[in-house]
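A.B. asks: Dumping the structure here so I can ask a few things about it.
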Amino acid sequence: MASRSLECPRCGGSMEPGYIVDVMYGHGSAAVPKWVAGEPQRSIWTGLKLRGKEQLPVTTYRCRRCGYLESYA
Ligand SMILES: [Zn+2]
2 MASRSLECPR CGGSMEPGYI VDVMYGHGSA AVPKWVAGEP QRSIWTGLKL RGKEQLPVTT
62 YRCRRCGYLE SYA
């Protein structure tokens with residue numbers, strides 16, 4: 002995603018881009034959460050059915066001043 006400078010909607014401070022990592026303990030791996038269109042559907046194989054769904058990586062901006070988080074996909 003192109004870097005853009007955002008202003009915090011709460012305090013007007015500067016927002017820095019980043020992302021939230023979903024760490025799976027015990028597997029030694031981490032995954033970036035994805036935004037998926039529609040309602041979550043359970044699957045007995047993978048937990049959630051994701052095939053055929055639109056998936057987008059999520060970028061989360063954090064305010065340096067107050068810590069407010071805002072996510073974009
Ligand atoms: Zn702020």
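Its first residue numbered 2, the sequence shown is counted upward by one per residue in the working numbering.
The beta carbon of each residue, even a glycine, is placed where N, CA and C say it ideally should be.
Work out the CA separation of C64 and S81 for me, nearest whole Å.
C.D. replies: The question about residue 81 has no answer, for the chain in this structure spans 2 to 74.
A.B. asks: Beta-carbon within less than 7 Å of M2's beta-carbon, same chain only, minus the 5 sequence neighbours each way: which residues are those?
C.D. replies: For the purposes of this step, residue 2 is taken as the residue at position 1 of the sequence shown. Since pLDDT at M2 reaches only 48, below the 50 mark, its modelled position is unreliable, and no value is offered.
A.B. asks: In the structure shown, what three-state DSSP assignment does V33 receive?
C.D. replies: By one-based count along the sequence shown, residue 33 stands at place 32. Of the three classes helix, strand and coil, the one that applies to V33 here is coil, per DSSP.
A.B. asks: Taking Cβ positions, are E55 and V37 nearer each other than 8 Å?
C.D. replies: As a working mapping, residue 55 is identified with position 54 in the sequence shown. As a working mapping, residue 37 is identified with position 36 in the sequence shown. Yes, these two residues count as a Cβ contact at 8 Å.
A.B. asks: Identify which residue in S15, L57, R66, W46 has its Cα closest to the Cα of G39.
C.D. replies: Against the sequence shown, residue 39 aligns to sequence position 38. It is L57 whose Cα lies nearest to the Cα of G39.
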